[in-house]
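Q: First to last, the sequence lines map onto chains A and B.
For the first sequence, the numbering used here begins at 226 and goes up steadily by one.
For the second sequence, the numbering used here begins at 226 and goes up steadily by one.
Number of protein chains: 2
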Amino acid sequence: MKSTIAIGSYSESDGAGLAAEFDPVTVSGPAAMAGLDPQQRPAIRVAAFKGGGLFGGEEMDLLPELGLIANYGVGYDAIDIDAANARGVKVTNTPDVLNDDVADLAVALLLCLGREMMHAAEWAKSGKWKRHGEYPLNRKVSGGRAGIVGLGRIGREIANRLAAFKMDIHYYSRRQKETPGWTYHDNPITLAERVDYLIIALVGGRETENFVSGEVLEALGPKGLLVNISRGTTVEEEALLDALENGKLGGAALDVFLNEPAIDPRFYKLENVVVQPHQGSGTVETRRAMGELQRANMHAFLAGDDLITPVN
Amino acid sequence: MKSTIAIGSYSESDGAGLAAEFDPVTVSGPAAMAGLDPQQRPAIRVAAFKGGGLFGGEEMDLLPELGLIANYGVGYDAIDIDAANARGVKVTNTPDVLNDDVADLAVALLLCLGREMMHAAEWAKSGKWKRHGEYPLNRKVSGGRAGIVGLGRIGREIANRLAAFKMDIHYYSRRQKETPGWTYHDNPITLAERVDYLIIALVGGRETENFVSGEVLEALGPKGLLVNISRGTTVEEEALLDALENGKLGGAALDVFLNEPAIDPRFYKLENVVVQPHQGSGTVETRRAMGELQRANMHAFLAGDDLITPVN
């Protein structure tokens with residue numbers, strides 16, 4: 226009987242890693258677990274989880290001997306941690322190994338949006354460069370005021386990079402942190418009022434839902450640029466779309482959305498938006514490291530060792 | 226009689242600045258000077274130059290009293306400095322004020338290419354994200370080895386930024402420079418062999434023509450990425466196109482080309498190329514500073530003061 230289950234859509238190499246090391250049962254998402262052989266279910270002690278839906282108490286109850294959910298990714302908002310706690314199920318994630326990639330994409334998104342690189346590329350390719358001359362001037366990014374919302378490990382990586390662009394770094398977090406002279410704000414509105422660029426690096430989940438509200442976006446203002454590499458849930462998306470359409474916000478560069486991948490089509494119509502398909506950690510190197518860390522947590526659990534990156 | 230001439234295509238605000246402060250004769254490029262009123266020509270002492278062709282000895286001879294060519298931009302490779310020297314014509318440029326913007330674009334180009342942001346954006350927008358799932362994995366940029374070719378003021382700004390991406394910084398310049406531990410290479414081929422990313426920040430002009438030769442590109446190799454924000458002339462363009470088409474070079478992100486804006490259409494067909502329409506310094510803030518510095522040099526000359534940023 227197989228003692229592990231792989232839930233979600235894994236890449237070829239991660240799928241091969243799981244197969245070689247655990248020979249798991251595989252399903253496309255939590256909802257598909259209801260169709261598992263009832264003989265098989267009680268044998269499963271470990272779930273390798275990579276999304277495909279919400280992993281709640283109901284799904285956990287399908288696996289009565291489940292002891293570990295090893296999440297692939299740093300954000301584990303698709304897992305009901307309270308339900309896991311109530312059932313004595315441990316949860317691990319894959320932090321840190323993806324910080325660099327996500328921070329890289331955040332900075333790239335800011336530069337891409339500020340310097341209008343997508344439009345400028347199109348200007349050249351479409352022949353406008355030849356017919357109409359140089360691309361219209363855009364805005365200087367270096368030397369601006371950057372506000373980081375959520376100065377966790379990823380937020381700090383973003384801030385470190387932006388500091389090299391001579392930016393004045395401001396941040397919001399629940400409490401003030403040790404920094405190299407960055408300015409702390411105890412709420413996101415005063416932060417947004419003070420900066421040119423607001424970069425969202427919050428954790429996901431219910432606690433941060435709509436944390437970046439319409440009021441925060443209004444404070445950022447018609448020249449402000451928003452970057453979100455965290456989760457679509459952290460921003461009040463309807464208010465964001467309205468602000469972008471009405472010129473109350475300068476622009477947005479987004480890797481995350483509600484209802485990915487079926488995101489609101491209004492985003493695709495906006496000239497002042499750069500869209501990425503949630504690829505923050507999507508590099509060969511980092512996904513390999515994430516898969517290795519996921520499997521290392523699974524091995525540790527099965528061997529009775531301490532978990533490497535426990536969440537609960 | 227007007228004592229200044231504005232040569233080239235100025236933006237509205239720069240044109241207005243020149244008009245208000247100097248009331249110049251205006252022409253679209255050096256070639257158009259032959260059509261100037263012969264009565265007018267001897268009155269001109271200062272030329273505000275912003276391209277539109279080569280400014281050689283023949284053009285200078287049309288303005289017998291010319292004392293200053295105030296170039297708009299840091300690169301003055303369109304001006305024949307030897308011809309200017311021979312005629313006692315001073316030349317100024319607009320250095321430094323554009324370093325940040327050009328360095329920003331260099332880093333943005335590298336990230337955009339490495340993280341395949343143009344293709345990833347298209348993946349989302351075209352509906353492939355919804356139909357086929359996540360965008361194929363690309364490459365981690367942070368932590369790589371970067372080689373800067375030309376560690377002048379712009380090259381140094383680029384290196385400072387890339388260091389914040391935890392990159393191992395290597396550089397070529399004519400002689401070793403004071404750096405925070407960056408690795409010097411006395412020729413571009415050994416540099417290219419050692420790095421993942423080669424960023425060209427040379428000055429333009431005859432001396433650096435084809436400096437980044439086919440051999441350098443071959444040393445950079447099939448996984449190497451090239452970024453050029455200097456001048457199209459610094460790279461052997463035919464060899465670059467061949468290497469990109471044949472997979473002998475991983476990719477290129479380019480703001481500069483031969484024959485801008487009528488660049489080689491082969492660039493537009495390549496999937497592994499990011500093209501920008503020579504917009505390195507193209508921000509409102511920086512172009513304003515460049516115009517101000519150009520005009521300050523003109524005022525200094527006419528007042529008999531020391532030039533602010535002389536070239537010769």
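Where is the CB? At the ideal position from N, CA and C, for every residue including glycine.
With contact counted as at least three CB pairs below 8 Å, one residue from each stretch, are the region 454-473 of chain A and the region 419-433 of chain A in contact?
A: In short, these stretches touch, since the Cβ pair count reaches three.
Q: Measure the C-alpha to C-alpha separation of Val252/B and Leu261/B and round it to an integer number of angstroms.
A: Near 9 Å, if we compare the C-alpha coordinates of Leu261/B and Val252/B.
Q: When the Cα atoms are used, what is the spatial distance from Val500/A to Ala331/A?
A: Each residue's Cα considered, the two are about 12 Å apart.
Q: Taking Cβ positions, are Gly472/B and Pro447/B nearer each other than 8 Å?
A: Yes. Within cutoff.
Q: On a CA-only basis, which of Ala308/A, Gly278/A, Leu279/A and Ala303/A is nearest Gly292/A? Give me that one, please.
A: Measuring from the Cα of Gly292/A, the nearest candidate turns out to be Ala308/A.
Q: Mind checking whether the beta-carbon of Tyr422/B lies closer than 7 Å to any heavy atom of the ligand MN?
A: Questions concerning the ligand MN fall outside what the structure shown contains, since it holds no ligand whatsoever.
Q: Along the chain, where does the alpha helix (DSSP H) that runs through Asn453/A open and close?
A: Element bounds for Asn453/A: not the alpha helix (DSSP H) but the beta strand (DSSP E), Leu450 to Asn453.
Q: Verify whether the separation of the beta carbon atoms of Ser228/B and Ala259/B is less than 8 Å.
A: No, Cβ-Cβ distance for Ser228/B and Ala259/B is not below 8 Å.
Q: Shortest alpha-carbon distance to Glu283/B belongs to which of Ile304/B, Arg400/B and Val271/B?
A: That would be Ile304/B, whose Cα lies nearest to the Cα of Glu283/B.
Q: Note down, one range per segment and in chain order, each beta strand (DSSP E) of at least 3 residues found wholly within the region 372-448 of chain A.
A: Segments of the beta strand (DSSP E) lying fully in the region 372-448 of chain A: 393-397, 408-410 and 422-425.
Q: Look at the Cβ atom of Ala241/B, then the Cβ atom of Ala273/B, and state whether they are nearer than 8 Å.
A: Their beta carbons are not under 8 Å apart, which means Ala241/B does not touch Ala273/B by this criterion.
Q: If we count the other Cβ atoms within 10 Å of its Cβ and call it buried at 16 or more, is Ala345/A buried or exposed?
A: So Ala345/A counts as buried.
Q: With H, G and I counted as helix, E and B as strand and the rest as coil, what does DSSP make of Asn190/A?
A: Nothing can be reported for residue 190/A: it is not among the residues displayed for chain A, which extend from 226 to 537.
Q: Starting from Gly260/B and walking both ways along the beta strand (DSSP E), at which residues does that stretch end?
A: Looking at the DSSP string, Gly260/B is not in any beta strand (DSSP E), and its letter there is neither H nor E.
Q: Would you say Glu432/A faces chain B, with C-beta separation under 8 Å as the test?
A: Not closer than 8 Å to any Cβ of chain B, the Cβ of Glu432/A fails to qualify, so no.
Q: Tell me whether Gly369/A sits in a helix, a strand or coil according to DSSP, three-state version.
A: Coil at Gly369/A, not helix or strand.
Q: Quick one: does Ala346/A have its CB under 8 Å from some CB of chain B?
A: Yes, because at least one Cβ of chain B sits closer than 8 Å to the Cβ of Ala346/A.
Q: Please work out which residues of its chain come closer than 6 Å, Cβ to Cβ, to Met392/B, disregarding the five sequence neighbours upstream and downstream, and give them in chain order.
A: Once the five neighbours on either side are set aside, the close Cβ partners of Met392/B are Gly369 and Ala371.
Q: Can you pull the chain A residues whose beta carbon is under 7 Å from the beta carbon of Phe390/B, in chain order?
A: Asp329 and Arg386, listed in chain order.
Q: Check the C-beta distance from Leu335/A over to Leu479/A and give it rounded, since I have them as a contact under 8 Å.
A: About 11 Å; that fails the 8 Å criterion.
Q: How is the alpha helix (DSSP H) around Leu243/A delimited, first residue to last?
A: Here the alpha helix (DSSP H) through Leu243/A covers Glu237 to Phe247.
Q: Give me the chain D residues within the contact set of Val420/A, using Cβ-Cβ distance strictly less than 7 Å, ordered along the chain.
A: In the displayed structure, chain D is absent; the protein chains listed are A and B.
Q: Which residues of chain A have a Cβ atom closer than 9 Å to the Cβ of Arg340/B, listed in chain order?
A: Correct list: Asp326, Asp329, Leu330, Ala333, Gln501, Gln504, Gly507 and Thr508.
Q: Could you tell me which chain B residues have their CB closer than 7 Å to the CB of Gly358/A, listed as they occur along the chain?
A: Simply Ser234.
Q: Would you kindly check if the distance between the Cβ of Thr534/A and the Cβ of Thr317/A is under 8 Å?
A: It is a contact, given that the beta carbons lie within the stated cut-off.
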